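See below for the structure under consideration.
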Amino acid sequence: MTTPQFDSSLTVHTQSHDYPIIITAKSIMAEQIAPYISGQQVLIVTNETVAPLYLQPLQQALAENFTVAVCVLPDGEQYKNQASINQIYDRLMMQHFNRDVTLIALGGGVVGDMTGFAAASFMRGVNFIQIPTTLLSQVDSSVGGKTGINHPQGKNMIGAFWQPQMVLADMSTLQTLPARELSAGLAEVIKYALIMDVDFLTWLEQNLPAMMALDLVILGEAVKRCCDYKAAVVAQDEREAGLRALLNFGHTFGHVIETHEGYGSWLHGEAVAAGMVQAAELSHKIGWLSADEVARIKRVLALADLPTTPPPIAVQTALDLMGHDKKVKNGQIRLILLKSLGQAILTDDFDAQFLTEVLSQHAV
Ligand code: NAD
Ligand code: GLY
Numbered sequence: 625m626t627t628p629q630f631d632s633s634l635t636v637h638t639q640s641h642d643y644p645i646i647i648t649a650k651s652i653m654a655e656q657i658a659p660y661i662s663g664q665q666v667l668i669v670t671n672e673t674v675a676p677l678y679l680q681p682l683q684q685a686l687a688e689n690f691t692v693a694v695c696v697l698p699d700g701e702q703y704k705n706q707a708s709i710n711q712i713y714d715r716l717m718m719q720h721f722n723r724d725v726t727l728i729a730l731g732g733g734v735v736g737d738m739t740g741f742a743a744a745s746f747m748r749g750v751n752f753i754q755i756p757t758t759l760l761s762q763v764d765s766s767v768g769g770k771t772g773i774n775h776p777q778g779k780n781m782i783g784a785f786w787q788p789q790m791v792l793a794d795m796s797t798l799q800t801l802p803a804r805e806l807s808a809g810l811a812e813v814i815k816y817a818l819i820m821d822v823d824f825l826t827w828l829e830q831n832l833p834a835m836m837a838l839d840l841v842i843l844g845e846a847v848k849r850c851c852d853y854k855a856a857v858v859a860q861d862e863r864e865a866g867l868r869a870l871l872n873f874g875h876t877f878g879h880v881i882e883t884h885e886g887y888g889s890w891l892h893g894e895a896v897a898a899g900m901v902q903a904a905e906l907s908h909k910i911g912w913l914s915a916d917e918v919a920r921i922k923r924v925l926a927l928a929d930l931p932t933t934p935p936p937i938a939v940q941t942a943l944d945l946m947g948h949d950k951k952v953k954n955g956q957i958r959l960i961l962l963k964s965l966g967q968a969i970l971t972d973d974f975d976a977q978f979l980t981e982v983l984s985q986h987a988v
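When you line the sequence shown up against the numbering used here, it's residues 625 to 988, in that order.
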């Protein structure tokens, strides 16, 4: 496959600092990262799947100018926990690294979220850089500073807002990504269209086949559009006082699936896909979406090889799990629903019976 030559970039504006997202297909380049490393010490955090693919050239190039150590974590959502964070701290302590260290997350959202959280907490906060290597992490998790780990009873329950110094999204890394993982990333891409831009939904309906065939230019365009959407939201509401919660469309239902099925069984993007359908079905029951629009959502998800129905889960179990959601306020479940295609709202103003009906459609 020939490597298309394109580069694009944007700036994320946050309270702590502004930082660039560079989107490229020229393969990860140390010279693009080096200007964002302030001290002499670098810890690259990656996992045992990504390390053999992308670690060596990055480590070698950075070692010309920096003291570089590496922490290779086990691969999987089930390892997004305190034990892995401790492994990162252990490596930092073993190296006698100090506040000048820059952590580099090389991998998908799991590595990125954990590296960010380790950076946020080591010595009360050190710099970090995101090199996302999955579509999901390129369009979502590497941008906006949400970092953290899972608790056995709830996804991403422990964490911090901590912004990276820069994000380098190298489209060519998607060439080694398993097809199922690419589809999981497409769920978050489709999410942006459903909550923010119905024209983007039409664009996706036309371009999803090319994206799934790994057209890196089309993928790069989609990543840029998604990062533009996300940067605009983060600039207005970094700490999720309101607007940012809309990016969690499908996630409350999705987190129920992930937690119930056991972390790693359903991919995050797969759970979000089925969760978006459930949220759309509830929006339909309220009268905001037509049956045709719900069918359109299912079609676009199916086009991306994503599930459109959740696994069987008892209604009360689902409600209990939803009760742990970070958006719960005064004991009330709040959900992101669609007023129309391309327009989302955060609301608790729905008939509880509608939610029960949606959950019972696929209950055990
Ligand atoms: P992941 O990090 O588990 O990566 C998916 C799989 O692909 C893993 O096995 C990984 O080792 C492998 N992989 C990564 N890059 C590869 C490559 N280029 N080639 C081959 N294999 C590769 O999963 P993900 O979908 O990237 O991220 C999901 C995580 O992100 C979840 O924990 C979710 O909670 C989190 N998330 C965070 C935010 C946020 O704002 N912080 C947003 C969305 C999701
Ligand atoms: N992935 C949702 C957010 O970053 O807010």
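For glycine and all other residues, C-beta sits at the position ideal for the given N, C-alpha and C. This one's a predicted model, so the numbers in the text were calculated from it and none came from an experiment.
Of the candidates D839, E829, R868 and D975, R868 places its Cα closest to the Cα of Y853. DSSP assignment within the stretch 783-819 yields the following whole beta strand (DSSP E) runs of 3 residues or more, N-terminal first: 791-794.
Per the DSSP secondary-structure output, Q665 pairs in a beta bridge with T691. Going by beta carbons, A693 and L727 fall outside the 8 Å limit. L891 sits away from L979, with the two beta carbons spaced by 8 Å or more.
Burial check for Q787: the Cβ neighbour count within 10 Å reaches 16 or more, so the residue is buried. The DSSP assignment places no complete run of the beta strand (DSSP E) inside the stretch 874-959 (cut-off: 3 residues). Between D764 and I652, the C-beta gap is not smaller than 8 Å, which leaves the two residues out of contact. Distance from the Cα of Q683 is smallest, within the candidate group A654, L840 and F741, for A654.
The beta-bridge partner set that DSSP reports for I652 is empty. Of the other Cβ atoms in all chains shown, 16 or more fall within 10 Å of the Cβ of E862; this residue is therefore buried. Between L930 and S761, the CB-CB gap reaches or exceeds 8 Å. For Y703 and E805, the gap between their C-alpha atoms comes out near 17 Å. Within 7 Å of the C-beta of L871 there is at least one heavy atom belonging to the ligand GLY. With the rule of 3 Cβ pairs closer than 8 Å, the stretch 966-977 counts as touching the stretch 814-823.
In the three-state reduction of the DSSP assignment, F741 falls in the helix class. Below 8 Å, enough C-beta pairs join the stretch 892-906 and the stretch 869-879 to call them touching: three or more.
By the criterion of a C-beta distance shorter than 8 Å, A859 is surrounded in its chain by V636, H637 and T638, once the five residues flanking it on both sides are discounted. G886 is classed as exposed because its beta carbon has fewer than 16 other beta carbons within 10 Å across all chains shown. T635 is bridged by DSSP to P644.
Rounded to whole angstroms, the gap between the alpha carbons of H775 and D631 is 38 Å. Beyond the five residues adjoining it in sequence on each side, D642 comes within less than 6 Å, by CB distance, of T635 in the same chain, given in chain order. When beta bridges are read from the DSSP output, N751 appears opposite T726. Rounded to whole angstroms, the Cβ separation of D714 and G663 is 20 Å, and the two are not in contact under 8 Å. Membership of G844 in the alpha helix (DSSP H) is indicated by the continuous run L840 to Q860. Apart from the 5 residues on each side of it in sequence, V896 sits with its Cβ closer than 7 Å to the Cβ of A811, E812, K815, G874, H875 and G878 in its chain, given in chain order. Less than 8 Å separates the beta-carbon of Q754 from that of V791.
Here Q956 has D972 as same chain residues with Cβ atoms under 8 Å from its own Cβ, once five neighbours each way along the sequence are excluded. In this structure, the beta-carbon distance from E981 to K909 falls below 8 Å. The closest heavy atom of the ligand GLY lies 7 Å or more from the beta carbon of R863. Counting along the chain, the unbroken alpha helix (DSSP H) around A707 starts and ends at Q706 to M718.
When only Cα atoms are considered, H986 and P936 end up about 5 Å apart. In this chain, the alpha helix (DSSP H) harbouring T980 covers A976 to S984. Distance from the Cα of K650 is smallest, within the candidate group I960, V841, L913 and K922, for V841. Of the candidates N671, L677, Q665 and N705, Q665 places its Cα closest to the Cα of E688. Just so you know, the alpha carbons of M738 and I773 end up roughly 6 Å apart.
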